[in-house]
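Trainee:
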Amino acid sequence: MMNQLTSYEVTKLLHTEQNDWREATYDDINRVKMEINRIVERSYHDGLDDEVRAYIMLKRTITKQTLRVSEDAIKYYYSFPILKEGALYDTGFMIITKN
């Protein structure tokens, strides 16, 4: 289940200056892909086959070139393109709490 975003998180995602986003490291890529795996597993158990396929396709597009990162003291904020039929469709965001 997805959590509701706080107003701070929305502001961080939508209004962070372009130069405040950094290039992803391999640790960032692994962190995002592991989170996608958790979502796929939950969706599979819930019988949401279309969602499973969409997340698997998304996982394939996450690379060092496509993933951008911003962070604060407690969370990572990720931005990535969502492709549809090979063309840019939208921008996706993911927030992961630091351990």
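Position one of the sequence shown corresponds to residue 21 (our numbering), numbered consecutively onward. From the three backbone atoms N, C-alpha and C, an ideal C-beta is built for every residue, glycine too.
Determine the extent of the beta strand (DSSP E) in which Thr117 is found, giving its start and end residues.
Mentor: As a working note, residue 117 is residue 97 in the sequence shown. Start and end: 107-117.
Trainee: On the three-pair Cβ rule with 8 Å, is the stretch 105-116 touching the stretch 68-76?
Mentor: Fewer than three beta-carbon pairs drawn from the stretch 105-116 and the stretch 68-76 are found closer than 8 Å, and the two stretches are therefore not classed as touching.
Trainee: So, are the CB atoms of Ile120 and Lys84 less than 8 Å apart?
Mentor: With the chain running from 21 to 119 in the structure shown, residue 120 is simply not present.
Trainee: To the nearest angstrom, how far is it from the Cα of Thr26 to the Cα of Ala107?
Mentor: In the sequence shown, the residue the question calls residue 26 occupies position 6. In the sequence shown, the residue the question calls residue 107 occupies position 87. Their Cα atoms are separated by approximately 30 Å.
Trainee: Compute the Euclidean distance between the alpha carbons of Tyr64 and Ser90, then round it to the nearest angstrom.
Mentor: The residue you call residue 64 lines up with position 44 of the sequence shown. The residue you call residue 90 lines up with position 70 of the sequence shown. Spanning the two alpha carbons is a distance of roughly 30 Å.
Trainee: In the DSSP assignment, what are the bridge partners of Leu103?
Mentor: By 1-based counting over the sequence shown, the position of residue 103 is 83. Note: Leu103 sits in a beta bridge opposite Leu108.
Trainee: Ile102 to Tyr109, Cα distance in whole Å?
Mentor: As a first step, residue 102 is located in the sequence shown; it is residue number 82 there, counting from the start. As a first step, residue 109 is located in the sequence shown; it is residue number 89 there, counting from the start. So the alpha carbons of these two residues sit roughly 6 Å apart.
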